[in-house]
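Chains as they are written, first to last, in the numbering used here: chain A, 54 to 289; chain B, 5 to 301. All C-beta atoms, glycine included, are put in the ideal place defined by N, C-alpha and C. Owing to the predicted nature of the structure, the values given are computational and were not obtained by experimental measurement. Notes for the one structure printed next.
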Ligand SMILES: Nc1ncnc2c1ncn2[C@@H]1O[C@H](COP(=O)(O)OP(=O)(O)OP(=O)(O)O)[C@@H](O)[C@H]1O
Ligand SMILES: [Mg+2]
């Protein structure tokens, strides 16, 4: 579905991505792991057209995404849950969800899809007409996820869903993602600091280190790999 | 002062305040979205009045065609200004945007001088706006309630758009977080354009109503209302639309009442706006409705 080749990104003089390549096949969960500042968010922002790469290619089902603005990338079927959730705190939960569907053609289906999100996260329904700013961190994360789903993405990208959540809650969120993938075949590109949790739900994973892909492999293999266990999972 | 005179002054204050409010909304919307103080906004007020004037005088249009047409054309000019002078600078440091806004303001004022001529022109209001209405012993001319009602209708339309429509929802989202709004599949450039259009339309309406109230127009006529409306927007809490309306009414009513109660001070009338502003901001730095907001980077 998504193919990235030799992507280079600079922030002014900082060379943030040194030619990374990665692949997200249909209906799989792919994890992108790595320490702070490795360039994970930059990769997603590049796909969404927020950051312009200096070199490289990004193909979605064979079509280049380069040069498109975020809203156009969304219309092509990619949705992103940004790092730190960034729900619209001044809008109600319901409005946040409606906004997620802004660009869709079949507006009559939106109502029904909001119901589906409520079904996935019942807490959101209880809070439907509350400003999103009054939600707890975990509820905001669910809202951000629901909002991204409202665009009916073919590719869902999530930047650190467990940021700031309790271990229990992040387990729940990741489990929801796994269910979504299993039940609907949703393709997911997942960024996580919690490598162990991510590897437990992903099919394949890439591990980044200062702007490059350091390691990649089937998630189950990486979880067993000694070097990975020591460096990234903190198991000795 | 008799009660009738008080009502007369109140009507005057509210009509002046509704003009400030109409203009203040444009300042506050643009600030809310781009964190830009659009210095050229007052000159949009002037353009609105001139376009309406020429519609009537040169093209012989009846007022009910000329006025709405002037609002539409001026809204178009607002959109062009955004496109040409602000959009290309959006990714640069904020100071560039401010400088560009100041430049646009001078440009419009000087173009006004060249095209319309520097000498004030008499703006003729339609006859039905000149009927004296008795309030007991005192009286107001019919344009006063007409201004108030027109402004009220425009406020209602604006509030409907912002709170009840899809594009209004996008505007509210945009004022919180432009980048994430783009991630919703929303063409943020188009929403920004729409906001400039709305703000300029209201400013043009304000300019026409201003010319009805003070029927002498000149190319610098937008400067003072622009400044007062900006103060009203800050009073109300800049970035907040309801606040801008409240700030406008407050400023208009207080300004008229101070002059009415203390006629000796009438020479300082314009200074009151600043005194109110300074006092309010000392006690409530975010304005009436403002929330504490982090500066956008
Ligand atoms: N807007 C920016 N301007 C300058 N440098 C930036 C910018 N955004 C990111 N960087 C730099 O690029 C590098 C990669 O950042 P990025 O946010 O992609 O890391 P990350 O892997 O997502 O880290 P984290 O896990 O902390 O979110 C970092 O060194 C960061 O300082
Ligand atoms: Mg990150």
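Asked                                                                                                                                                                                                                  : Found
Would you mind reading off the limits of the beta strand (DSSP E) that contains residue 76 of chain A?                                                                                                                 : 67 to 77
Which same chain residues end up closer than 8 angstroms to residue 216 of chain B when comparing Cβ atoms and leaving out the 5 residues on each side of it in sequence?                                              : 127, 129, 133, 147, 150, 151
Would you identify the three-state DSSP class for residue 95 of chain B, choosing helix, strand or coil?                                                                                                               : coil
So with Cβ pairs under 8 angstroms, would you call residue 299 of chain B a contact of chain A?                                                                                                                        : Only weak support is given to the placement of residue 299 of chain B: the predicted model assigns it a pLDDT of 45, under 50, and the question is left unresolved by the model.
Within the present structure, is the beta-carbon of residue 87 of chain A separated from the nearest heavy atom of ligand 1 by less than 7 angstroms?                                                                  : yes
Do you know offhand how far residue 240 of chain B's Cα is from residue 25 of chain B's?                                                                                                                               : 10 angstroms
Are residue 197 of chain A and residue 134 of chain A close, meaning C-beta to C-beta below 8 angstroms?                                                                                                               : yes
Just to confirm my understanding: we take residue 267 of chain A, look at its own chain, exclude 5 residues before and 5 after, and list those with CB closer than 8 angstroms. What are they?                         : 87, 260, 261
Starting from the C-beta of residue 192 of chain B, find all residues in its chain whose C-beta is less than 7 angstroms away, skip the five residues before and the five after it, and write them out in chain order. : 178, 182, 185, 186
Is any heavy atom of ligand 1 found at a distance shorter than 7 angstroms from the C-beta of residue 123 of chain A?                                                                                                  : no
Is residue 301 of chain B buried or exposed, if buried means 16 or more other CB atoms sit within 10 Å of its CB?                                                                                                      : In this prediction, residue 301 of chain B scores a pLDDT of 37, lower than 50, which makes its location untrustworthy; no coordinate-derived value is stated.
Is residue 122 of chain A close to chain B? Criterion is C-beta to C-beta, closer than 8 angstroms.                                                                                                                    : yes
Whose CA, out of B:10, B:31, B:8, B:12, lies closest to the CA of residue 232 of chain B?                                                                                                                              : B:31
With a cut-off of 8 angstroms on the beta carbons, I'd call residue 55 of chain A and residue 150 of chain A a contact; round off their distance for me.                                                               : About 25 angstroms separates the two Cβ atoms, so there is no contact after all.
Whose beta carbon lies closer than 7 angstroms to any heavy atom of ligand 2, going through the chain in order?                                                                                                        : A:93, A:94, A:136, A:212, A:213, A:244
What does residue 139 of chain A reach in chain B if we use C-beta pairs closer than 7 angstroms?                                                                                                                      : 181, 184
From this set, A:237, A:247, A:242, which residue's C-alpha is nearest residue 173 of chain A's C-alpha?                                                                                                               : A:237
Could you say which of A:141, A:100, A:285, A:121 lies nearest to residue 210 of chain A if we only look at CA atoms?                                                                                                  : A:100
I want to know whether the stretch 11 to 23 of chain B touches the stretch 34 to 47 of chain B - three or more CB-CB distances under 8 angstroms.                                                                      : no
Just the Cα atoms here: how many angstroms apart are residue 87 of chain B and residue 55 of chain B?                                                                                                                  : 21 angstroms
Check whether the Cβ of residue 67 of chain A sits closer than 7 angstroms to any heavy atom of ligand 1, and report yes or no.                                                                                        : yes
Runs of 3 residues minimum, wholly inside the stretch 183 to 259 of chain A: which ones carry the beta strand (DSSP E) assignment?                                                                                     : 208 to 212, 240 to 245
So is residue 153 of chain A in contact with chain B if we call contact Cβ pairs under 8 angstroms?                                                                                                                    : yes
Can you tell me whether residue 187 of chain A is buried or exposed? The criterion is at least 16 other CB atoms within 10 Å of its CB, across all chains shown.                                                       : exposed
Check whether the stretch 46 to 64 of chain B and the stretch 166 to 173 of chain B touch, using three or more Cβ-Cβ pairs below 8 angstroms as the test.                                                              : no
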